[in-house]
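Read through the structure below, which is laid out as structure tokens, and then see the notes.
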Amino acid sequence: MTIATFALLVTPEAEVIPVDLPADTGERLTAMYSLIHCDNVDVVALTDQLDMWLDDEGLYTQRVNPLATLFAGRFGRTYQSYHGPVLLTGGANSEGDTLPLTKDQVLALLASLADF
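Per numbering that gives the first Met the number 0, the sequence shown runs over residues 0 to 115.
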């Protein structure tokens with residue numbers, strides 16, 4: 000049984016919005032494109048269990064996302080700022096399938112907002 004992928008959408012306006020992405024890989028990518036407002040997504044592995052999905056061309060087409068940049072900096076990804084809306088997911092399994100965020104991951108990410 001395939002389940003939907005729970006993720007957090009982080010907007011450039013510092014909104015953090017919970018979303019359920021479709022279980023089907025093709026439908027999930029279509030949903031990601033829509034949520035991130037892009038034609039091509041890229042992924043930054045923040046940890047082995049936390050991925051940040053973003054617009055592959057966002058550096059050129061979208062404005063800076065300060066919150067996403069701070070999240071990435073927490074995990075050592077300080078070499079650039081990140082642009083546009085991003086999706087945070089729970090990494091990938093051994094087959095490369097995107098995993099949902101766990102309840103503990105969501106709570107930790109939300110708690111870290113208090114430090115910003």
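Ideal placement from N, C-alpha and C gives every residue a C-beta, glycine not left out.
- Secondary structure in the region 73-111: the beta strand (DSSP E) runs of 3 residues or longer, each lying completely within the stretch, are 85-88 in chain order.
- In the structure shown, the three-state DSSP call for phenylalanine 70 is helix.
- By the criterion of at least three beta-carbon pairs nearer than 8 Å, the region 88-95 is not in contact with the region 65-74.
- Runs of beta strand (DSSP E) with 3 or more residues, each lying fully within the region 23-67, are found at 40-46, 49-54, listed in chain order.
- The alpha carbon of aspartate 96 has as its nearest neighbour, out of Val15, Leu28, Val9, the alpha carbon of Leu28.
- In this structure, the beta-carbon distance from leucine 58 to histidine 82 falls below 8 Å.
- In this structure, phenylalanine 5 lies away from threonine 46, with their beta-carbon atoms at least 8 Å apart.
- Cβ neighbours of glutamate 14 within its own chain (closer than 8 Å, five residues either side excluded): Leu8.
- The Cβ-Cβ distance between valine 42 and aspartate 50 falls below 8 Å.
- In the three-state DSSP reduction, alanine 113 falls in the helix class (H, G or I).
- Between the beta-carbon of proline 84 and that of threonine 10 there is about 5 Å, and that keeps the pair under the 8 Å contact cut.
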